[in-house]
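**Student:**
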Amino acid sequence: MSSRYPALLLSLGIVSAAVLGLFAAPAQGAVHNVQVGPGNTFSPSNLTIQQGDTVTWTNAGGFHNVEANDGSFRCANGCDADGGNGAASTNLWTASVVFNTPGTFDYFCVIHVGVGMTGRIVVQGGGGGGQPGTLRFAGNSVTVNEDAGSVRLTVQRIGGDDGAASVTYSTSNGSAQAGQDFTGTTGTLNWADNDDTSKFFDIPILDDTVAENNQTFNATLSNATGAALGSPGNTTVTIRDNDAVEENPGELAFSEASYQVSESDGSAEISVERTGGSDNAVSVQVSTADGSAVAGEDYTSVDSTLNWADGETVAKTFSVPVLGDLVQEANETVNLTLSSPTGGATLGAPSSSILTLEDDDTDFGPCVEGPETLCLGEDGRFKAEISWRDRNGNSGEGQAVTIGRRDSGLFYFFNENNIEMLVKILNACTLRFESYFVFFAATTNVEFTLTVTDTEADVSKQYFNALGTAAVPVQDTRAFETCP
2 MSSRYPALLL SLGIVSAAVL GLFAAPAQGA VHNVQVGPGN TFSPSNLTIQ
52 QGDTVTWTNA GGFHNVEAND GSFRCANGCD ADGGNGAAST NLWTASVVFN
102 TPGTFDYFCV IHVGVGMTGR IVVQGGGGGG QPGTLRFAGN SVTVNEDAGS
152 VRLTVQRIGG DDGAASVTYS TSNGSAQAGQ DFTGTTGTLN WADNDDTSKF
202 FDIPILDDTV AENNQTFNAT LSNATGAALG SPGNTTVTIR DNDAVEENPG
252 ELAFSEASYQ VSESDGSAEI SVERTGGSDN AVSVQVSTAD GSAVAGEDYT
302 SVDSTLNWAD GETVAKTFSV PVLGDLVQEA NETVNLTLSS PTGGATLGAP
352 SSSILTLEDD DTDFGPCVEG PETLCLGEDG RFKAEISWRD RNGNSGEGQA
402 VTIGRRDSGL FYFFNENNIE MLVKILNACT LRFESYFVFF AATTNVEFTL
452 TVTDTEADVS KQYFNALGTA AVPVQDTRAF ETCP
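So, in structure tokens, the structure goes:
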């Protein structure tokens, strides 16, 4: 397999952090949220937090995980150190890590590290330094379930611990009302000299059986003594209702992993489906990007939005204008991407696809077997070629390896002892499919484009794998409907 993780991690300049105590009993620190995906990003990708704070990652869509460069944590469906499974997953998972040791912690998604999906957490330690410090809430917002019984708010003393200090806390109504949705609370928190541990207070939450919108109330710090009042001095508590019916807006995905159109057709119609639910009005961004085809020369770029009404599940389509010419050339490709779903919808699979612009000016001629070409099928009718690109920008053509079989052959990219792909062309013309199959399996995560051409019908089809993505097996039973 052509994975290059060790070299990549070195190129990122890994900080080897001392992580003794990383998973020790957590202090009552702030909670910082990082969204994972739905593209190949962490948001925010860089955080500066205090010792004892918690970072919670939530997967918003895609095949991702969170893995520390120094191996101190690996999380997805839970964290390995806590008995979970930190392997990359497409589930809408949430995982949390408490950082009790100051230092710098770099991390990455194991599947998409090759396309720059990395993050950094800087943990700052406490300490007095002759300063009294400031008093603040650990965060400016917190969410609690209506049936949780209470919510705990944490107050930190940071930047110093010289002398005794205190601060008053109190609650006030927002859309949530004291006595109906929560119990109004007031009191004082105290710190001794050289004490910079976080303090907390609990606010009772009152459950009911009424289906209602989420509601909020406020907590405020005031009357700080012996230390300054820092920011945030206010925090908003959201009570998440537990009586409402759970919504299911569904998933949005391309109807096909690849599309084909002749350059003389003028345009390609691309279909996007909504499956698994229909609650809420939802939308998704659709966009094109150059593959081997160039926008403005071979096609017109598209960047638009598809919309579904609440309860609507009919597939939506958009057109990609194709610019024909009279030049004999190889088939060319356009990359198609879905992004930024709204209304609670998530991206399904496939969320990326490839459009092949089939040249109608080319006479391909018979297949000639060579160092970079396999001739497969009856009388070598089908020509198979592959190009590749790695994370360092290196590119080239796959090297063909014949194995003495009419319908099958191999390719390698870097070393003849490291086979990357098995390709098979199967004749199903006498079966109900009435087509030639293209099957392949690749053990690589570099970018590649496999081109298979029926030299008798002068028709090509291309298969694309994105850089940093583990290639999935393909079983295309409608690849060439060109039976005699």
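To convert a position in the sequence shown, counted from 1, into my numbering, add 1. Built from N, CA and C at the ideal position, the CB exists for glycine as well.
(1) Is Leu93 buried or exposed, if buried means 16 or more other CB atoms sit within 10 Å of its CB?
(2) Report yes if the CB atom of Asp203 is closer than 9 Å to the CB atom of Val152, and no otherwise.
(3) Does Ala331 come out as helix, strand or coil in the three-state DSSP assignment?
(4) Looking at the unbroken beta strand (DSSP E) that takes in Met422, where does it start and where does it end?
(5) Have a look at Gly325, Ser167, Leu222 and flag the residue whose alpha-carbon is nearest the alpha-carbon of Gly267.
(6) Would you mind working out which of Phe319, Cys80, Ile159 sits nearest Asp196, comparing C-alpha positions?
(7) Could you give the C-beta distance for Thr155 and Ser199, rounded to a whole number, given that I count them as a contact under 8 Å?
(8) Relative to the C-alpha of Ala472, which candidate in Asp71, Ser461, Thr59, Ala442 has its C-alpha closest?
(9) Ignoring anything shorter than 3 residues, give me the beta strand (DSSP E) runs that lie fully in the stretch 399 to 484, in order along the chain.
(10) Within the same chain, show all residues whose beta-carbon is closer than 7 Å to that of Val16, passing over the 5 residues directly before and after it, in chain order.
(11) Is the separation between the beta-carbon of Ser279 and that of Asn249 shorter than 9 Å?
(12) What is the DSSP secondary structure of Ala77, counted as helix, strand or coil?
(13) Which first and last residues belong to the beta strand (DSSP E) in which Ser97 is found?
(14) Does the separation of the CB atoms of Asp291 and Val335 fall below 9 Å?
(15) How many angstroms separate the CA atom of Asn78 from the CA atom of Glu482?
(16) What three-state label does DSSP hand Val116 in the structure shown?
(17) Does the beta-carbon of Asp83 have 16 or more other beta-carbons within 10 angstroms, so that it is buried, or is it exposed?
(18) Taking the beta carbon of Ala385 as the centre, do at least 16 other beta carbons fall within 10 Å, making it buried, or is it exposed?
(19) Considering Cα atoms alone, identify which of Ala346, Met422, Gln125, Gln476 is closest to Glu448.
(20) Would you report the Cα separation of Gly498 and Asn446, rounded to the nearest angstrom?
(21) Compare the Cα-Cα distances from Gly227 to each of Phe183, Gly161, Thr221, Ser171 and report the closest residue.
(22) If we count the other Cβ atoms within 10 Å of its Cβ and call it buried at 16 or more, is Gly140 buried or exposed?
(23) For Ala467, which of Asp182, Arg382, Ser341, Leu337 has the nearest alpha-carbon?
**Tutor:** Let's see:
(1) exposed
(2) Taking a C-beta distance under 9 Å as the contact criterion, Asp203 and Val152 qualify as a contact pair.
(3) Reduced to three states, the DSSP call for Ala331 is coil.
(4) 420 to 428 is the extent of the beta strand (DSSP E) around Met422.
(5) Gly325
(6) Ile159
(7) Contact between Thr155 and Ser199 holds, since their C-beta atoms are separated by about 5 Å, short of 8 Å.
(8) Ala442
(9) 400 to 403, 409 to 413, 420 to 428, 437 to 443, 448 to 455, 460 to 466, 475 to 481
(10) Since pLDDT at Val16 reaches only 32, below the 50 mark, its modelled position is unreliable, and the value read off the structure follows with that caveat. So the list reads Thr105, Asp107, once near-sequence residues are dropped.
(11) yes
(12) strand
(13) From DSSP, the beta strand (DSSP E) with Ser97 extends over 95 to 99.
(14) yes
(15) Here the C-alpha atom of Asn78 lies approximately 43 Å from the C-alpha atom of Glu482.
(16) Val116 falls in the helix class under three-state DSSP.
(17) exposed
(18) With at least 16 other beta carbons inside 10 angstroms of its own, Ala385 counts as buried.
(19) Met422
(20) As displayed, the chain neither begins before 2 nor continues past 485, which places residue 498 out of reach and without an answer.
(21) Gly161
(22) Answer is buried; the Cβ neighbour count reaches 16.
(23) Leu337
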